[in-house]
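First comes the structure, then the notes that go with it.
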Amino acid sequence: MIEILSPTALLRAKDAGALVADILQTMKSRSTVGTNLLDIDRWTHGMITEAGARSCYVDYEPSFGRGPFGHYICTSVNDAVLHGLPHDYTLADGDLLTLDLAVSVGGVVADSAISFVVGDARPPESVAMIDATERALSAGIAAAGPGARIGDLSHAIGSVLSEAGYPINTEFGGHGVGSTMHQDPHVSNTGRPGRGYTLRPGLLLALEPWVMADTAELVTDADGWTLRSATGCRTAHSEHTIAITEDGAEILTLPTQARP
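Residues in the sequence shown are numbered from 264 upward in steps of one, following the working numbering.
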């Protein structure tokens, strides 16, 4: 299903995007050496509840997971890259943490993810990998607008990731959002320009470049959810929800202090 949002629904999407972004930034500031992943999940639950929003994760039960997910945020550490199930783990200096969050406000969803290094350590390889996903995300957003094709966005994302030297997995990528978290169209993290669905004003897309340092192969944890690099290498993931407008694309998941 591909949804085109009304102007009224788009306002709710903006509210959802602002909430997602602000929760992620709050959780980033609280994710210090010694923080437990279960505390991050508990804090996220509290902020969602206080805002009167709805979690997209806690009851999520897709075919590829061992559901329901049962938690409020994805916490992926080091070699984990997607769907990281919060568990009893205490963050250490130099850990690479990815937080991925989707919430619904007034029946409309926004979805975003950030990766960062915990503590004072700054491993150059981790910093470079995070930077590559952020640059790829910016390139994908720059390619988006009315009349553009999905392949244009995929090509822009994939070009940055490939030039940075990272293998690209095509099993999981970006996607449409709206009244539900995962919708068509699928947005692969690599592709050919001029192909696929033509973007229209009112369409919401969650673009999410993610990479693993030296492999494109994933393995699934015994928890049935957490996806890790097959080689144990580090990973990174960046994601924004954007709205296609009459003259381009608007990022909905910017933190409040970063909004124009």
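We put the CB at the ideal spot given by N, CA and C, even for glycine.
These figures come from a predicted structure and were not determined experimentally.
- Between T307 and V450, the alpha-carbon positions lie close to 27 Å from each other.
- Out of T443, A506 and I413, the CA that lies nearest to the CA of E324 is found in T443.
- Ranked by Cα distance from E313, the first of K277, T295, V366 and I514 is V366.
- For S375, the uninterrupted beta strand (DSSP E) segment begins and ends at V371 to V380.
- The closest CA to that of G315, considering only V371, L360 and G410, is found on V371.
- Residue environment analysis places I265 among the exposed positions, since fewer than 16 neighbouring C-beta atoms fall within 10 angstroms of its C-beta.
- The alpha-carbon separation between G436 and D383 amounts to approximately 31 Å.
- DSSP places M444 in the coil class of the three-state scheme, outside both helix and strand.
- Counting of Cβ neighbours within 10 angstroms places G495 among the exposed residues, the total staying below 16.
- The three-state reading of DSSP puts M310 in helix, counting H, G and I together.
- Counted as a single uninterrupted DSSP element, the alpha helix (DSSP H) harbouring A281 occupies residues P270 to R293.
- Assignment of T361 by DSSP, reduced to helix, strand and coil, places it in the strand class.
- Between D342 and the set A419, T504 and L481, the nearest pair of CA atoms involves L481.
- Cα atoms of G328 and H334: separation of roughly 13 Å, rounded to the nearest angstrom.
- Residues of the same chain with a CB within less than 6 Å of the CB of A391, apart from the 5 flanking positions on each side, do not exist.
- Per DSSP, A391 lies in no beta strand (DSSP E) segment; the continuous alpha helix (DSSP H) that holds it begins and ends at P387 to A405.
- In the three-state DSSP reduction, E509 falls in the coil class, being neither helix nor strand.
- In chain order, P464 place their CB closer than 6 Å to the CB of E509, counting only its own chain and leaving out the 5 sequence neighbours on each side.
- By the Cβ neighbour-count rule, E388 is exposed, with fewer than 16 other Cβ atoms within 10 Å of its own.
- Using a Cβ distance threshold of 8 Å, G414 and G357 do not count as a contacting pair.
- Nearest neighbour of T519 by Cα position, chosen from V283, L274, L273 and P472, turns out to be V283.
- In terms of CA proximity to A405, E513 leads the group E513, G330 and T498.
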